[in-house]
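For the working numbering, count along the sequence shown from 1 and bump the result up by 1288. In what follows, a single structure is set out as structure tokens and then discussed.
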Amino acid sequence: MMNFEIRQIVITSVLLAAFFALGVGFVAYTEQKTAEQIELNRQAVLLGQIMEVLAGEDYDNNPAEDAFILSDPEALNLGEPVIEPAPAGLLPSLPSDEEQERAMTAGQLGFRARRDGETIAVAIPVVTHRGYSGDIRLLVGVEASGEVKGVRVLEQNETPGLGDKIKAEKTDWILGFTGRGLGNPPPEGWAVKKDGGVFDQFTGATISPRAVVEAVESALEYVEQHRSALFGTPPDVHTEEDTS
């Protein structure tokens, strides 16, 4: 009788351990798949936004497939570099698939729009830590002239109905950056009207638009500082002199 009871206890324990292991494995698998799907969704949003911030440009490449690793990502609040960028003064390198995946996950990729091999605009991400409810991640399209081609919100957690009006799906406020650049308005104008600038704020919500204005200005300053690299001849394009 005792042996039977012991055997039953052992069998029950083994079954419980097996079910526990299966449960843990299933949860881990589900979390992994969920994380992968979230990342895929994030990348899909990014690729769609690339086309939006560069809309209307007469380019002959696919900017979403013409990525480059951003130098000095800290200047855009994108964290420390996950991939060693090109040395200062050199053109951005074309990343390998592995490098592109790592940089994409870290949000440290820029994208080029080209015509006849010449870079005519770039789309670069920028993050502001000054949102009302945390970080706001933007994508800014900038022409070679230094003018903003378009701005879109990639990620935000602002208050629904208030701060989230920075999104193009909510209002047309963010379209007000199109055609702007450093000097247009002058430096003191790069602020919301409440702070003496030219950009509107929302009724009951000033922090969110203020953060976006500052972030867009930072992106323009970054482009100006890296102009020679961003708008030089891309590394996979050869001029006639090179091939003669």
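C-beta: ideal position from N, C-alpha, C; glycine also. Note that the structure is predicted; figures quoted are calculated from it, not measured.
It is roughly 7 Å from the alpha-carbon of Tyr-1510 to the alpha-carbon of Ala-1363. Taking the Cα of Arg-1403 as reference, the smallest distance to any Cα among Glu-1431, Pro-1361, Lys-1481, Arg-1418 is reached at Glu-1431. Between the alpha carbons of Ala-1499 and Pro-1361 lies a gap of roughly 18 Å.
The three-state reading of DSSP puts Ile-1424 in strand, counting E and B together. Proximity to Lys-1437 across Arg-1468, Gly-1336, Thr-1407 peaks at Arg-1468, based on C-alpha coordinates. Positions of the alpha helix (DSSP H) runs, each at least 4 residues long and wholly inside the segment 1440-1513, are given as 1495-1513 in order along the chain. Exclusion of the five residues before and after Glu-1387 leaves Ile-1357, Ile-1371 as the residues of its chain whose Cβ lies within less than 8 Å of its Cβ. In summary, His-1417 is exposed, with fewer than 16 beta-carbon neighbours lying within 10 Å of its beta-carbon over all protein chains present. Beta-bridge partners of Leu-1397 (DSSP): Ile-1357. In this structure, Gln-1513 lies away from Leu-1427, with their beta-carbon atoms at least 8 Å apart. Scanning Ala-1394, Asn-1350, Met-1339, Arg-1390 for the CA closest to the CA of Leu-1366 turns up Ala-1394. Cβ atoms of Leu-1450 and Ala-1493 come within 8 Å of each other, at about 4 Å. In the DSSP assignment, Arg-1402 is bridged to Thr-1407. Assignment of Ile-1371 by DSSP, reduced to helix, strand and coil, places it in the coil class. It is roughly 58 Å from the alpha-carbon of Ala-1306 to the alpha-carbon of Asp-1348.
The beta carbons of Ala-1352 and Phe-1399 sit closer together than 8 Å. CA-to-CA, the gap between Gly-1484 and Trp-1478 works out to about 9 Å. Secondary structure of Gly-1344 (DSSP, three-state): coil. A straight line joining the alpha-carbon of Ala-1411 with that of Ser-1301 spans about 58 Å.
By the neighbour-count criterion, in which a residue is buried when 16 or more other Cβ atoms sit within 10 angstroms of its Cβ, Lys-1453 is buried.
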